[in-house]
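Residue 10 is where the sequence shown starts when you use the working numbering, and the numbers rise one by one after that.
The beta carbon of each residue, even a glycine, is placed where N, CA and C say it ideally should be.
Worksheet: the structure to be examined is printed underneath.
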Amino acid sequence: MKPRLTLRNPEPEDQAEFLELARASRALHSPWITAPSTPEQYAAYMLRIREPMNHGFLVCKADTGTIVGVVNISNIVLGAFFHSGYLSYYAFAGHERQGLMRAGLILVIRHAFKRLKLHRLEANIQPTNAASIALVKSCGFNKEGYSPRYLKIGGRWRDHERWAILAS
């Protein structure tokens, strides 16, 4: 059976398509995340995901190569007793609520546990983001806690729920 999706790393050549998708998805992403939407922001994103403690993935349709979303693992720690990273992700408009991000997220989770040898992945989600909470629940994440004013998004410190999945 042919795979439905593929993962690949973002490249400089993806900039025009990525920025167009991000601009078209502003309403979908607000107020939960701000995707890079200018050439300068995309360049900064590319630099960030090239650092060893960060990995970025484009979720693409296998048959067309169309970019349907993004999954990032950031702040990876590979210490003596702690192998962990933080997830961020977003679908692009027109590709949401089709199971594509769930399938893409599962591929990234497998990559994180098998190839990167992480033990834990954490996703911090605003409590009002029902779609994102449903997504991580469907992938096996468990709610671990609540963090008031945890991340500054859209110029405001916002509360988040802490969800995590373990390799074992």
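Inter-residue distance for residue 71 and residue 15 is about 5 Å (C-alpha atoms, whole angstroms).
For residue 38, the enclosing alpha helix (DSSP H) begins and ends at 35–38.
Around the beta carbon of residue 166, fewer than 16 other beta carbons sit within 10 angstroms, so the residue counts as exposed. Between residue 110 and residue 42, the alpha-carbon positions lie close to 15 Å from each other. Under the three-state reduction of DSSP, residue 59 is assigned to coil, being neither helix nor strand. Going by DSSP, residue 142 is part of the alpha helix (DSSP H) stretching over 139–147. Counting other Cβ atoms within 10 Å of its Cβ, residue 101 reaches 16 or more and is therefore classed as buried. Taking a contact as a CB-CB distance under 8 Å, the pair residue 95 and residue 82 counts as one, their CB atoms being some 7 Å apart.
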